[in-house]
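Undergrad: Numbering-wise (this note's numbering), the sequence shown opens with residue 1 and increments by one.
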Amino acid sequence: MNVFYRLIQKIIFICIALVSVHAIALTESGVVIKNQAGATYIDSADIQRSTTSNMVETIVQSVSGVSLIDSQSKRVAPDGVVTFNHLLTNVGNDTDTFKLSYAFASSAIIESVLIYPDVDNDGVKDAGSSPIASDTVLQAMAPDEVYSFILEVDMSNSASDGDVVTVDITAESQNNVVDGITVVSGGSSTATNQDTITVSLLPIINATKNMSEDLGASPSASPFTVSLVYENVGVSDMPVASDIAAVQANPTLSSHYNIILEDVLPAGMSFADDKVRWTIDGTEIEFVVNDGTSNLSVHGSYAGFFEYTNGGQGIKAQIIGLVSDKKAKIDFDVVIDSNVLAQTLFNQATLEYMSDPASPSDPMLEEQTNKVPYDVIAQYSVVANNGGCDGSGGNCNAEDDSAIDTVRVDSASQGERVSFTNFIWNHGNDEDIFNITIEAGNTFPAGTTFFLYKSDGVTPLLDTDNDDKPDTGPIPGKNDTCKSYQVEGSTAETGIKACGVKVVLVATLPASVTSGSDFQVVKKATSSSDTSKFNVVTDELGSIVGNTVDVTNDEPLKNSENPSSSCEDTSSNCGVGQGPEASPVRTVSVIPGNVAKFDLYVTNTSNVADSYTLSFSDAVTGADPNTFVASSLPTGWGVTFKDGADGSVITSIPVLGPQKSKHVIAEVSVPEDATSPLSIFFKVISPTSGATDMKHDRVGLTFDGSSCLSIDTGTEGRMFSGGHITYKHRITNLSYEEKTDISLTASNAPSGLASVMLFEDTNSNGELDENDVQIVAPIASLAAQADYIFFSRVQLNSGIAEGLKVSTTIEAQAACGNASLVDLTYVTDTIMNIIKEQALDSNCDGTEEGTFTLNTFDVQPNECIIYRLTSTNIGIKDAHNVRFKDEVPLYTKHRIIGSLPSISNGTPITISEGHQGDIIIDANSVATGKSVVLLFAVQVDD
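Laid out in structure tokens, this is it:
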């Protein structure tokens with residue numbers, strides 16, 4: 001899970017001559033890169049589990065940077081004034097201030113050099129504005145903001161034709177402290193332009209550009225006007241047409257024209273119509289530009305040929321003549337297209353004019369007008385739905401359509417974790433973050449808990465914009481390029497796509513609710529940029545069904561986990577379905593005094609893991625389960641349940657996964673004096689969900705045997721490493737005659753973890769105390785039908801790892817037969833844990849600098865971070881199908897550097913260079929006490 005949040009509040013700067021730009025060049029300073037990993041594994045109970053690591057954080061440092069454009073060359077007449085338009089941009093990642101200075105070689109031909117602001121970006125110094133002295137520090141500028149200004153040079157009347165002089169202008173970052181954070185110089189902290197001035201007595205054409213509006217929505221509410229103003233500031237005329245008739249006869253001949261203006265509109269801006277207005281000497285003429293030769297327009301002694309260029313995105317005016325000290329203007333209307341991303345569109349025209357009318361074959365001079373910005377304002381909108389995708393998960397629909405406004409799960413079991421996958425789409429024209437909240441008034445049962453996850457259903461959804469609400473993280477605006485880990489959906493506009501993310505809501509149902517229908521919860525997505533913009537999607541659960549379980553004979557129930565079983569339905573004669581059956585399903589006959597064994601299979605037929613207790617009875621009337629009386633048996637009869645896998649005595653099944661089966665052996669001890677067969681009922685019931693089933697079997701008798709002993713069932717306990725635990729047991733002589741020389745033996749498995757001692761109940765108080773004598777020899781005699789009480793004391797060794805269990809087997813041996821039990825001592829449960837650490841790799845060579853740490857540290861754009869994930873199995877059995885789940889954090893990209901990425905055990909890593917989004921690595925199996933280590937590197941965006 002990877003999130004960024006801002007350490008500083010969003011601020012809107014309203015500054016003179018500052019213009020906001022769409023894209024920020026560097027990752028912003030002060031943001032925190034958060035990274036948290038997850039892993040899934042299958043535990044010893046064959047249940048899939050998930051776990052998450054700790055979170056590590058990295059702070060992006062401030063880096064200064066400045067851009068200054070452009071160096072230019074212009075003519076000027078003696079005693080004239082020449083101006084140069086410049087744009088200063090803060091390309092650092094934090095607020096900064098900049099010092100403007102200029103310098104030129106001492107020259108008698110320059111009277112003065114001044115700087116003026118150009119707030120309205122029309123290429124002309126602002127009326128009434130005061131000049132800015134050299135070495136002035138400008139006001140603070142946010143990242144990627146622009147300052148537009150004019151450099152004005154006043155030439156001396158002593159300047160001569162052909163004189164050349166240059167002026168250097170420099171912008172320098174001041175590396176100031178903002179909100180207590182020092183701006184570290186790491187980018188281009190200075191930038192210089194050089195303007196070249198050539199004194200000339202020839203015609204000098206100067207052109208500027210302006211627009212009647214500088215900001216608006218997409219699409220435009222109405223057209224606005226672009227104006228190209230050109231004037232002859234030289235001391236000689238640019239010749240006008242000497243023969244208009246000749247021009248009209250061949251208007252496309254380029255040699256007619258001595259002034260060319262071409263304006264190519266930026267993408268997202270288009271011509272409103274085909275009309276152009278041309279004004280000279282205060283007189284305006286309007287005409288229509290088309291594809292024919294009629295594009296020639298005559299304005300007195302001036303002529304101009306107008307045509308569209310660049311596939312209709314540009315307009316070109318070829319003009320004849322402009323006398324000295326005259327000004328002319330070309331106007332046309334434009335609009336902002338639909339689905340233009342919030343950004344600043346820059347527009348600049350190109351001017352060409354004849355360098356020397358006396359030498360018309362010489363190359364024309366070329367200059368650029370001032371660059372005019374237009375801010376497309378941000379508009380925010382969001383849609384939440386179920387994705388509307390096809391069966392393969394593609395061709396998703398990003399529209400707010402009632403047909404796809406609900407995510408429905410038909411049914412779920414009690415206590416189940418139900419997942420609802422919602423899609424959150426950005427329909428605005430700017431990158432946005434959407435807070436995800438669960439609306440009050442949901443109709444799910446009381447006790448249901450809700451949790452939000454990212455698309456993998458494992459990684460929690462966190463707060464990336466620091467407003468204490470979980471959110472989607474940044475999503476690009478409509479028709480922008482989606483990130484690799486995001487989804488793309490169609491909209492109602494042909495060819496226009498929206499970017500979105502999947503958000504998974506997991507509802508954990510209460511185990512106590514076994515029925516009900518039509519449950520709903522409403523999830524709301526709200527723009528963090530404009531909280532008035534939101535959309536909702538409904539998650540619906542059709543019904544809750546109670547958990548179920550089935551007990552069968554000899555084979556497990558046939559299902560996806562047991563496809564080869566023949567125990568499929570009631571005709572299989574194995575006890576399929578809810579019991580108890582009216583007649584015994586299975587009969588096992590034994591000689592009195594022996595044990596009848598039944599192979600039972602308990603199958604969890606629910607969608608969630610469950611646990612079960614085991615019981616038995618002969619007291620069930622008319623196959624009515626409500627008449628079951630637990631542990632009811634005739635005198636001398638007994639039942640012991642054993643684990644079919646290892647023979648250990650059990651009284652319950654702690655965990656059984658969905659559709660999984662457990663083999664249980666029911667051993668029924670038959671007394672020597674038994675004279676009649678016995679119907680016996682085996683029952684399983686979940687103490688959590690109440691799911692239950694009952695099995696009707698029968699013990700038959702044959703009469704050719706002898707008597708024997710019985711020993712009660714084993715028990716379970718828990719103890720810390722180094723401690724001891726005592727279990728109380730009973731041996732019974734089931735026969736009607738005395739038994740002698742009964743030996744008791746005890747052993748532990750695994751060996752070396754514990755020791756065991758057996759004690760008799762010497763003082764018959766039912767408790768182990770200092771008066772009880774250790775059993776070191778066989779029991780000399782046990783009367784008919786008598787009991788013998790003894791204790792088993794299990795001492796755990798120190799230093800046993802958590803997650804182990806000790807099985808203590810006790811066996812009583814006599815001439816008539818043997819009896820045994822198994823006590824289980826648990827030290828801890830099965831656990832996989834995961835630790836996430838990070839280290840700086842400033843030169844991105846794949847080698848960490850210093851040690852890996854859980855702590856936060858600083859990082860600059862273009863530097864790398866190496867992440868180390870260590871997952872350890874501290875459980876009692878191997879963990880299988882271990883899978884790491886992580887993400888490349890936002891504003892970073894995966895790097896293949898040095899030996900990275902690497903994993904100490906598992907599937908080879910095939911993460912591509914520059915990858916963004918999920919990182920999923922299979923580590924296969926991890927043995928008890930073993931670890932697997934994953935290393936990978938990311939680079940902070942520049």
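Note that the Cβ used here is the ideal one computed from N, Cα and C, for glycine as well.
#1: Between which two residues does the beta strand (DSSP E) holding residue 945 run?
#2: With a threshold of 16 other CB atoms inside 10 Å of the CB of residue 161, please say whether the residue is buried or exposed.
#3: Below 8 Å, can you find three or more Cβ-Cβ pairs linking the stretch 400-418 to the stretch 468-485?
#4: Could you tell me how far apart the beta carbons of residue 211 and residue 354 are, in whole angstroms, since I believe they sit closer than 8 Å?
#5: Could I get the ranges of all uninterrupted alpha helix (DSSP H) runs contained in the stretch 208-260, with 4 residues as the minimum, in chain order?
#6: Per DSSP, what kind of secondary structure is residue 971 in: helix, strand or coil?
#7: If contact is defined by three or more beta carbon pairs under 8 Å, each pair taking one atom from either stretch, is the stretch 345-362 in contact with the stretch 196-203?
#8: Does the distance from the C-beta atom of residue 444 to that of residue 521 stay below 8 Å?
#9: Can you check the stretch 325-399 for any alpha helix (DSSP H) of at least 4 residues that lies completely inside it and give the ranges in chain order?
#10: At which residues does the beta strand (DSSP E) containing residue 771 begin and terminate?
#11: Is residue 599 closer than 8 Å to residue 650 when the C-beta atoms are compared?
#12: At which residues does the beta strand (DSSP E) containing residue 304 begin and terminate?
#13: What number of angstroms, rounded off, separates the C-alpha of residue 853 from the C-alpha of residue 936?
#14: Can you check the stretch 70-152 for any beta strand (DSSP E) of at least 3 residues that lies completely inside it and give the ranges in chain order?
#15: Could you tell me which of 792, 648, 368 sits nearest to residue 822, measuring between CA atoms?
#16: Figure out for me which residue from 644, 415, 486 has the closest Cα to the Cα of residue 547.
#17: Can you tell me whether residue 596 is buried or exposed, with buried defined as 16 or more other CB within 10 angstroms of its CB?
#18: If we count Cβ pairs, one from each stretch, closer than 8 Å, do we get three or more for the stretch 612-629 versus the stretch 578-585?
#19: Are the stretch 781-801 and the stretch 711-730 touching by the rule of at least three beta carbon pairs closer than 8 Å?
#20: Buried or exposed for residue 940, going by 16 or more other Cβ atoms inside 10 Å?
#21: Identify, in the order they occur along the chain, each residue of the same chain with its Cβ nearer than 8 Å to the Cβ of residue 497, setting aside the five sequence neighbours on each side.
#22: Specify the secondary structure class of residue 872 as computed by DSSP and reduced to three states.
#23: Would you identify the three-state DSSP class for residue 320, choosing helix, strand or coil?
#24: Where does residue 625 fall in DSSP's three states?
#25: Quick check: the Cα distance between residue 319 and residue 486, rounded to an integer number of angstroms?
#26: Identify every residue that forms a DSSP beta bridge with residue 695.
#27: Taking residue 527 as the reference, give the member of 635, 460, 381 with the closest Cα.
#28: Provide the residue span of the beta strand (DSSP E) that contains residue 665, from first to last.
#29: Among residues of its own chain, excluding the 5 on either side of residue 926, which ones have a beta-carbon nearer than 6 Å to its beta-carbon?
#30: Check residue 928 in the structure and name its three-state DSSP category.
#31: Can you find the residues in the same chain that come closer than 8 Å, C-beta to C-beta, to residue 661, ignoring five residues on each side of it along the sequence?
#32: Near residue 346, which residues of its chain fall below 6 Å by C-beta distance, leaving aside the five closest residues on each side in sequence?
#33: Taking the straight line between their C-alpha atoms, what separation do you get for residue 707 and residue 672?
#34: Excluding the 5 residues flanking residue 449 on each side, which residues of the same chain have their C-beta closer than 7 Å to its C-beta?
#35: For residue 519, which option in 501, 539, 733, 341 has the closest C-alpha, if you only look at C-alpha atoms?
#36: Since residue 506 and residue 417 should fall inside the 8 Å C-beta cutoff, what is the C-beta to C-beta distance between them, to a whole number of angstroms?
TA: So, from the listed chains and residues:
#1: Look at the range of the chain in this structure, 1 to 942, and you will see that residue 945 is not part of it.
#2: Exposed, because fewer than 16 other Cβ atoms sit within 10 Å of the Cβ of residue 161.
#3: No, they do not touch.
#4: Wrong, their Cβ atoms sit about 28 Å apart, outside the cutoff.
#5: Those alpha helix (DSSP H) runs which fall completely within the stretch 208-260 and span 4+ residues are 244-249.
#6: Since the first and last residues shown for the chain are 1 and 942, residue 971 lies out of range.
#7: Touching, yes, given that three or more Cβ pairs across the two stretches are closer than 8 Å.
#8: Yes; because the gap between Cβ atoms is below 8 Å, this pair is in contact.
#9: Listed in chain order, nothing qualifies, since the stretch 325-399 has no complete alpha helix (DSSP H) run of 4 or more residues.
#10: Bounds of any beta strand (DSSP E) do not take in residue 771, whose DSSP letter is neither H nor E.
#11: Taking 8 Å as the Cβ cut-off, residue 650 and residue 599 do not qualify as a contacting pair.
#12: 302-309 is the span of the beta strand (DSSP E), which, as asked, contains residue 304.
#13: Cα-Cα distance, rounded: 15 Å.
#14: Correct list: 73-76, 81-90, 98-103, 110-117.
#15: Ranking the options by Cα distance to residue 822, first place goes to 648.
#16: Checked all of 644, 415, 486; the closest Cα to residue 547 is 415.
#17: In this structure residue 596 is buried. Its beta-carbon is surrounded by 16 or more other beta-carbon atoms within 10 angstroms.
#18: At 8 Å Cβ cutoff, the stretches touch.
#19: Short answer: they touch.
#20: Buried, since its Cβ has 16 or more Cβ neighbours within 10 Å.
#21: Excluding positions up to five away in sequence, the list reads 398, 478, 479, 482, 488, 489, 490, 491.
#22: Strand.
#23: Annotated three-state conformation of residue 320 is strand, per DSSP.
#24: Here residue 625 sits in helix by DSSP.
#25: Between the alpha carbons of residue 319 and residue 486 lies a gap of roughly 52 Å.
#26: DSSP lists 682 as partners of residue 695.
#27: It is 381.
#28: 661-669 is the span of the beta strand (DSSP E), which, as asked, contains residue 665.
#29: Exclusion of the five residues before and after residue 926 leaves 873, 879, 882, 932 as the residues of its chain whose Cβ lies within less than 6 Å of its Cβ.
#30: Residue 928 falls in the coil class under three-state DSSP.
#31: Short of 8 Å from the beta carbon of residue 661, and not among the five residues preceding or following it, lie these beta carbons of its own chain, in chain order: 556, 557, 561, 562, 601, 602, 603, 604.
#32: Excluding sequence neighbours, residue 346 sits near 371, 373.
#33: Because the pLDDT at residue 707 is just 40, under 50, the model does not fix this residue reliably, and the point stays unresolved.
#34: Same-chain partners within the cutoff: 508.
#35: Of 501, 539, 733, 341, the residue nearest in Cα terms is 539.
#36: Contact holds; Cβ gap of about 5 Å.
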